[in-house]
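The structure under discussion appears below in the form of structure tokens.
2 protein chains.
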Amino acid sequence: MTVQLSESTEMYLKAMAELGVGDVVPVGRLAGRLGVTNVSANEMVHRLTEQGLLSHMPYKGVTLTETGRTAACSVLRRQRLWECFLYDHLHIEWAKLYELACSLEHATAPEVTEALAVFLGDPKFCPRGNPIPAADGSFAPLHGVPLRYVPMGSIVQVLAVNATETDVLKYLQERDILPGREVTVVEAAPMEGPLTLRLGWKRRCDETTRRGIEHTRRLARFGIGDGRPEQRFRAPPGRLHFLVFFRYWESAISPMKR
Amino acid sequence: MTVQLSESTEMYLKAMAELGVGDVVPVGRLAGRLGVTNVSANEMVHRLTEQGLLSHMPYKGVTLTETGRTAACSVLRRQRLWECFLYDHLHIEWAKLYELACSLEHATAPEVTEALAVFLGDPKFCPRGNPIPAADGSFAPLHGVPLRYVPMGSIVQVLAVNATETDVLKYLQERDILPGREVTVVEAAPMEGPLTLRLGWKRRCDETTRRGIEHTRRLARFGIGDGRPEQRFRAPPGRLHFLVFFRYWESAISPMKR
DNA sequence: GGGAATAATAAGGTCAACCATAAGATTTAA
DNA sequence: TTAAATCTTATGGTTGACCTTATTATTCCC
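The listed protein sequences correspond, in order, to chains A and B.
Our numbering puts the first sequence at residues 6 to 263.
Our numbering puts the second sequence at residues 6 to 263.
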């Protein structure tokens with residue numbers, strides 16, 4: 006039924022899904038994400054459109070077709086299941102999970118994927134807090150708000166980290182901004198300006214953020230984060246605004262639309 | 006230090022190692038194993054020779070250089086560790102292990118390999134009975150004799166299966182010729198002719214063959230093999246002679262040189 | 001020693017996925 | 001409305017790993 010897609014194809018589809026399933030993504034954005042030139046991305050978009058995986062609206066952007074969405078979810082499922090395995094069982098550093106799982110995902114046959122899911126106990130979220138699509142392609146939505154839309158003064162909880170680049174993940178890891186962590190938005194300069202957060206320990210816990218909590222505990226054992234119940238963190242301009250999703254925690258601000 | 010080798014390069018190196026570390030392998034043999042034409046293999050051998058991974062003696066064959074041997078062992082290690090994982094933890098069908106592990110091996114970073122080894126408890130043999138090279142490249146030799154050299158009437162124990170093609174492995178699996186199994190060589194026609202074996206249950210057990218035994222038990226639960234303490238098996242001509250290694254069991258025949 | 005089998009080389013071709021440069025087309029924001 | 005920014009298309013190039021067909025070289029065995 007489903008023909009084997011090339012690694013490159015899978016990367017394009019995954020990028021589309023990560024940038025927002027259903028969204029219209031400008032080709033340039035896709036190119037940037039994948040680290041290729043706009044011209045190359047354009048070529049590839051043509052190929053994928055011919056294969057019926059993408060639908061291209063010139064000068065607007067591309068969306069996943071139904072076939073494309075299914076394929077993309079399959080890639081995302083493999084990616085995130087491997088992240089779980091690497092984290093929970095191989096104890097790989099959090100910041101490296103994405104990169105390492107990424108290479109594995111393209112080499113994973115369906116029967117391995119499903120056996121892995123069973124082995125892992127059918128997890129619903131990856132260590133970055135993102136939902137793992139089900140085998141049938143269904144996808145639990147993330148009830149969060151992008152950090153850039155969180156008003157100053159809000160006390161929020163990190164729900165999921167959307168970033169994928171290892172250096173950005175390292176950056177977050179070093180500052181202990183991880184799923185499950187509670188932060189207060191102290192100051193947010195407009196227009197991609199710097200963002201200041203105050204970090205505090207999370208007090209409640211649920212399934213989604215279990216992994217974040219576990220990670221925090223693991224770090225605490227190494228003396229990271231522990232004994233510093235509150236600290237301030239100032240992100241450089243334009244790096245984190247699109248990276249972290251938050252769930253409202255104690256404030257009651259209505260989520261704005263993306 | 007070690008530059009990332011391409012998947013193709015790794016396959017050539019692995020094939021060299023599987024055909025015998027240290028051996029001089031004719032290019033045609035390599036081509037056959039890898040399913041490419043002699044011309045293609047020749048081209049590739051040139052490239053690998055230039056990279057210092059192989060040493061090519063025209064009209065004789067190729068050997069691994071020291072660098073090549075190290076790289077090949079690394080590939081073999083990854084391959085066989087994944088086989089262990091897929092078999093022990095994901096319960097993947099024995100015959101499919103090689104094929105599925107093969108795709109994963111090329112996508113596995115060193116730190117994942119080592120973390121996997123720790124997770125698995127540093128196994129010394131893969132489910133096919135082949136030794137897993139250590140992280141430092143050292144390689145436990147197999148104290149066995151290729152089936153084609155086992156004289157008629159010998160009672161031997163399957164030590165390791167050297168075959169890699171899924172269909173051949175399925176063939177063996179269906180007939181329960183697996184590591185740990187004891188067989189009697191009833192008849193062996195000369196010159197790649199058919200080979201008749203009598204299968205009996207293995208009575209003793211050691212570390213090397215533990216996995217085979219476990220598999221046999223697992224099959225027995227499904228009614229395969231159990232209740233048939235002895236059966237005859239006739240292999241088609243020229244298929245198994247090079248595939249299975251045996252350890253002498255109750256007979257005392259001096260191993261012939263390969 | 002000669003012929004069969006095997007190995008090597010040469011020449012030319014394909015394919016996917018990239019690249020650069022340059023020239024148009026369209027959208028958006030001043 | 002016009003210029004800047006973004007997007008698309010065209011052209012031509014590269015790389016790795018394959019392929020076929022054909023020719024030449026070497027080894028091995030009778």
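Note that the Cβ used here is the ideal one computed from N, Cα and C, for glycine as well.
In this structure, the beta-carbon distance from alanine 106 of chain B to leucine 91 of chain B falls below 7 Å.
Counting only runs of 3 or more residues that sit fully inside the region 12-92 of chain B, the beta strand (DSSP E) segments are 59-62, 66-69, in chain order. Distance from the CA atom of glycine 66 of chain B to the CA atom of valine 32 of chain B, rounded to whole angstroms, is 6 Å. Counting only residues of its own chain and dropping the five nearest sequence neighbours on each side, leucine 53 of chain B has a CB closer than 7 Å to the CB of Thr14, Tyr17, Leu59. Note that the C-beta distance between alanine 112 of chain B and leucine 109 of chain A is below 7 Å. In the same chain as threonine 72 of chain A, and ignoring 5 residues on each side of it, the C-beta atoms closer than 7 Å to its own belong to Gly57, Leu58, in chain order. With contacts defined as CB atoms closer than 7 Å, leucine 125 of chain A and cysteine 89 of chain A qualify as a contacting pair.
Its Cα nearest to that of threonine 189 of chain B, the residue B:Ile160 stands out among B:Glu179, B:Ile160, B:Gln178. The Cβ-Cβ distance between proline 138 of chain A and phenylalanine 130 of chain A does not fall below 7 Å. A straight line joining the alpha-carbon of valine 8 of chain B with that of glutamate 187 of chain B spans about 44 Å. For leucine 164 of chain A, the enclosing beta strand (DSSP E) starts and ends at 160-166. Neighbourhood of glutamate 116 of chain A in chain B, by CB distance below 8 Å: Ile97, Lys101, Leu105, in chain order.
Any Cβ of chain A closer than 7 Å to the Cβ of leucine 109 of chain B would place that residue at the interface, and such an atom is present. At a cut-off of 7 Å between beta carbons, histidine 61 of chain B makes no contact with chain A. Here proline 146 of chain B is exposed. Its C-beta has fewer than 16 other C-beta atoms within 10 Å. According to the DSSP assignment, threonine 113 of chain B belongs to no alpha helix (DSSP H), since it is labelled neither H nor E.
In terms of Cα proximity to serine 11 of chain A, the closest of A:Asp28, A:Glu98, A:Met49, A:Thr42 is A:Met49. Think of a sphere of 9 Å around the beta carbon of alanine 120 of chain B: the chain A residues whose beta carbon falls inside it are Leu91, His94, Leu95, His96, Ile97, in chain order.
Using beta-carbon distances, alanine 76 of chain B does not count as an interface residue toward chain A, since no partner is under 7 Å.
For phenylalanine 124 of chain A, the nearest CB of chain B lies under 7 Å from its own CB, placing it at the interface with that chain. In the DSSP secondary-structure assignment, proline 136 of chain B is bridged to B:Phe130. Counting the other Cβ atoms within 10 Å of the Cβ of proline 136 of chain B gives 16 or more, which makes it buried. A distance of 7 Å or more separates the beta carbons of threonine 75 of chain B and glycine 185 of chain B. The DSSP-derived three-state label of glutamate 98 of chain A is coil.
Spatial neighbours of asparagine 43 of chain A in its own chain (CB-CB distance under 7 Å, excluding positions within 5 residues in sequence) are listed in chain order as Val32, Gly33, Ala36. Secondary structure note for glutamate 170 of chain A: it is in no alpha helix (DSSP H), with a DSSP letter that is neither H nor E.
If you compare the alpha carbons of A:Met62, A:Ile182, A:Asp172 with that of leucine 152 of chain A, the shortest gap goes to A:Ile182. Valine 30 of chain B and proline 128 of chain B have their alpha carbons spaced roughly 29 Å apart. In the three-state scheme derived from DSSP, where H, G and I count as helix and E and B as strand, phenylalanine 144 of chain B is classed as coil. The three-state secondary structure of glutamine 178 of chain B, taken from DSSP, is helix.
If you check the CB distance, lysine 175 of chain A and alanine 120 of chain A do not come in under 7 Å. Within a 10 Å sphere around the beta-carbon of valine 80 of chain B sit 16 or more other beta-carbons, which makes this residue buried. Leaving aside the five residues that flank leucine 86 of chain B on each side, the residues in its chain whose CB is nearer than 7 Å to its CB run, in chain order, Thr118, Leu121, Ala122, Leu125, Ile137. In this structure, valine 166 of chain A sits near glycine 134 of chain A, with a CB-CB distance shorter than 7 Å.
The beta carbon of threonine 68 of chain A sits closer than 6 Å to those of Val29, Ser60, all from its chain and outside the five residues before and after it, given in chain order.
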